[in-house]
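Numbering (my numbering), first residue to last: 140 to 455. Structure first, commentary second.
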Ligand SMILES: [Zn+2]
């Protein structure tokens with residue numbers, strides 16, 4: 140159990156508890172860090188060293204093999220650190236103490252006393268500290284550098300989390316389906332809207348209400364299907380609603396419009412836009428346009444403004 144391990148280490152060795160499963164000590168000028176791996180039931184012991192030539196590394200391996208029957212492969216070297224895995228077995232505390240003494244003597248004999256686990260520098264700034272959940276002896280410069288790299292990597296990981304490609308694709312996929320749903324709902328609702336506009340009396344009242352309901356039907360369809368409603372979505376669905384209404388009116392009155400048009404312009408003649416504009420008063424004075432303007436345009440514009448304003452206040 141972990142608490143027992145901590146008790147045994149703190150009571151039985153010079154190592155002190157630093158954080159969860161981490162212990163450290165400065166023993167006879169040597170820097171030791173031990174990490175307990177509960178799953179593997181092993182302790183990883185590290186000691187700071189100077190840059191050691193291969194034959195000296197071999198001499199430490201032989202010494203630990205001879206004295207503590209450690210497998211030679213279990214002794215590893217980083218540039219400025221010697222590491223060893225020690226299983227939690229019978230008498231592991233006295234074994235741990237013996238190994239630390241032995242490593243310490245080896246460092247003294249070979250003048251390999253180290254400091255910072257990363258650069259080997261020794262001095263007043265070297266102390267045990269935690270970077271990214273791992274404890275080690277570090278000099279001031281290495282501590283700063285590692286902390287910087289660690290926060291940069293954290294930041295990078297967070298950034299990737301935020302704009303994870305799958306998530307972005309999912310959101311834009313929902314948006315596309317939302318626009319399709321709004322378009323479909325808009326065309327269906329526009330049929331009902333047309334029937335009300337054409338057949339209901341008092342278009343000033345019913346046409347206005349119908350347009351307000353129509354535009355909110357488009358908003359609601361988009362919002363429900365896409366699960367979002369940003370200001371951008373609001374603008375797009377508003378323009379979509381206006382376009383659907385224009386298409387519906389043109390479709391419903393296309394025949395009447397072409398009849399009206401033929402009365403002012405000869406269909407066999409090529410008519411320029413300028414000619415259309417010069418004939419505009421004549422076209423507008425045609426009774427159909429009076430009906431379109433008074434019974435459709437005005438209630439539609441008022442209904443749209445009410446619908447847009449209502450939804451804007453509701454969403455803000
Ligand atoms: Zn350093």
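Just so you know, even glycine gets a beta-carbon here, dropped at the ideal spot from N, CA and C. Quick caveat, the model's predicted, so the values are computed rather than measured.
DSSP three-state assignment for residue i, whether helix, strand or coil
i           : result
residue 223 : strand
residue 153 : coil
residue 430 : helix
residue 176 : strand
residue 357 : helix
residue 255 : coil
residue 295 : helix
residue 168 : coil
residue 262 : coil
residue 324 : helix
residue 159 : coil
residue 102 : Coverage of the chain is limited to positions 140 through 455, which leaves residue 102 absent and any answer about it impossible.
residue 210 : coil
residue 190 : coil
residue 366 : coil
residue 396 : helix
residue 228 : coil
residue 341 : coil
Where residue i falls, given that 16 or more other Cβ within 10 Å makes a residue buried
i           : result
residue 343 : exposed
residue 363 : exposed
residue 358 : buried
residue 338 : exposed
residue 340 : exposed
residue 438 : buried
residue 180 : exposed
residue 433 : exposed
residue 242 : buried
residue 234 : buried
residue 389 : exposed
residue 211 : exposed
residue 146 : exposed
residue 173 : buried
residue 277 : buried
residue 182 : buried
residue 417 : exposed
residue 292 : exposed
residue 188 : buried
residue 413 : exposed
residue 223 : buried
Identity of the residue in the options nearest residue i by Cα
i           : options            : result
residue 209 : 237, 192, 189      : 237
residue 207 : 193, 228, 191      : 228
residue 196 : 205, 214, 233, 144 : 214
residue 453 : 373, 386, 389      : 373
residue 463 : 368, 333, 258, 383 : Residue 463 is absent from the structure shown; the chain starts at 140 and stops at 455.
residue 169 : 259, 299, 430, 321 : 259
residue 250 : 288, 192, 155      : 192
residue 384 : 173, 436, 226, 203 : 436
residue 322 : 289, 349, 381, 292 : 381
residue 318 : 396, 240, 163, 377 : 377
residue 263 : 348, 298, 248, 280 : 280
residue 329 : 311, 349, 155      : 349
residue 216 : 186, 201, 240      : 186
residue 440 : 413, 336, 420      : 336
residue 160 : 189, 190, 275, 371 : 275
residue 218 : 346, 254, 428      : 254
residue 356 : 320, 386, 366, 333 : 320
residue 325 : 444, 313, 351      : 351
residue 232 : 176, 455, 150      : 150
residue 143 : 175, 270, 298      : 175
residue 272 : 431, 430, 162, 391 : 162
residue 396 : 360, 334, 431      : 431
Limits of the beta strand (DSSP E) - the one that residue i falls within
i           : result
residue 277 : 273-277
residue 247 : Premise fails: residue 247 lies in the alpha helix (DSSP H), 231-248, not in any beta strand (DSSP E).
residue 183 : 181-187
residue 269 : 266-270
residue 217 : 214-217
Residue i - containing alpha helix (DSSP H), residue span
i           : result
residue 193 : 193-207
residue 372 : 370-391
residue 437 : 437-454
Residue-chain proximity (residue i, chain C), Cβ-Cβ < 9 Å
i           : result
residue 283 : The question asks about chain C, but that chain is absent: this structure has only one protein chain.
Residue i Cβ short of 8 Å to ligand 3 heavy atom set
i           : result
residue 380 : In the structure on display, ligand 3 does not appear, and the ligands it does have are ligand 1.
With a cut-off of 6 Å, give the chain-ordered residues whose Cβ is closer than this to any heavy atom of ligand 1. Close to ligand 1, as judged by a C-beta nearer than 6 Å to any of its heavy atoms, are the residues 255, 257, 258, 260, 277, 278, 280, 281, in chain order.
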